[in-house]
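In full-length UniProt numbering, the protein residues as written are 1 to 274.
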């Protein structure tokens, strides 16, 4: 079962890549728990009434994690069906200075036993070096490194541009810039996946300027679904199933019309002979 450390320097897209991971879990119908501010009303499908997102306190405790219960139904053994626990500001509770602070042992015990609770875990942190070595060895299995790509290096041409302008690499136009997530297995040191994100459809789904406070006044709660926030105030959804039903009804409508046109009683009823 993966435990990702989503790493990257400030502005490289840790939050965006984390939101992409959250969106992927929600699209597949899995539960997500996070301390991030999420905006379900901006999700692509406003009629979705099935998603489940639990908002944890800014600095969740072991009791908050235990209260989550299981991340999937009893009997689920496939880790691909587990829920996702996404935690931002992981350096707050996984650094060496606070490793032995009150409540930290119970918190870390939950992380070690996360598989029994049917949760996959992702923790946002600046770098692996900022984590306690024991936590890094016992908890983290994969690093998902976020990198913002806004320049391009072209052999020879880039060198000429540097000489002429003093700029090392030419900048991409904004519409061409993207973020790259490189996933590495820390046990084998092999790159398992490289994913690219534009982010245009992800930025509006979460609070990019969120700050975290130990004095967060609320407990854990569930976000309302897009349908509860937006969809129920919109016209009824007429998707492909609706139009397919209308098409399948056409032969019935045609048969009724033909029958009425051939039946004298029917024609007389509708006054068709006058």
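Note that beta-carbon positions come from the ideal geometry of N, C-alpha and C, so glycine has one too.
- Runs of the alpha helix (DSSP H) lying entirely within the segment 107 to 132, each at least 4 residues long, are absent.
- Secondary structure note for residue 142: its beta strand (DSSP E) is the uninterrupted segment 142 to 149.
- Taken in chain order, the whole beta strand (DSSP E) runs of length 3 or more contained in the segment 180 to 220 are 191 to 197.
- For residue 53, the enclosing beta strand (DSSP E) covers residues 53 to 55.
- Taking 8 Å as the cut-off, the Cβ atoms of residue 2 and residue 141 count as close.
- Counting along the chain, residue 255 sits inside no beta strand (DSSP E); it lies in the alpha helix (DSSP H) bounded by residues 240 to 262.
- Residue 33 is bridged by DSSP to 54, 85.
- Boundaries of the alpha helix (DSSP H) around residue 27: 14 to 27.
- DSSP, reduced to helix, strand and coil, places residue 3 within a strand of the structure shown.
- Less than 8 Å separates the beta-carbon of residue 39 from that of residue 204.
- Counting the other CB atoms within 10 Å of its CB gives residue 74 a total below 16, which places it among the exposed residues.
- The continuous alpha helix (DSSP H) containing residue 66 extends over residues 62 to 67.
- Residue 252 sits exposed, since fewer than 16 C-beta atoms from the chains shown fall within 10 Å of its C-beta.
- For residue 30, the CB contacts under 6 Å within the same chain, skipping 5 residues up- and downstream, are 83 in chain order.
- Rounded to the nearest angstrom, the Cβ distance from residue 184 to residue 195 is 13 Å, too far for a contact under 8 Å.
- Between the alpha carbons of residue 145 and residue 209 lies a gap of roughly 20 Å.
- Taken through DSSP and simplified to helix, strand or coil, residue 178 comes out as strand.
- Residue range 226 to 229 is occupied by the alpha helix (DSSP H) that includes residue 228.
- A direct Cα-Cα distance of roughly 37 Å separates residue 102 from residue 148.
- Annotation: residue 109 to residue 127 spans about 22 Å, alpha carbon to alpha carbon.
- The beta carbons of residue 19 and residue 206 sit closer together than 8 Å.
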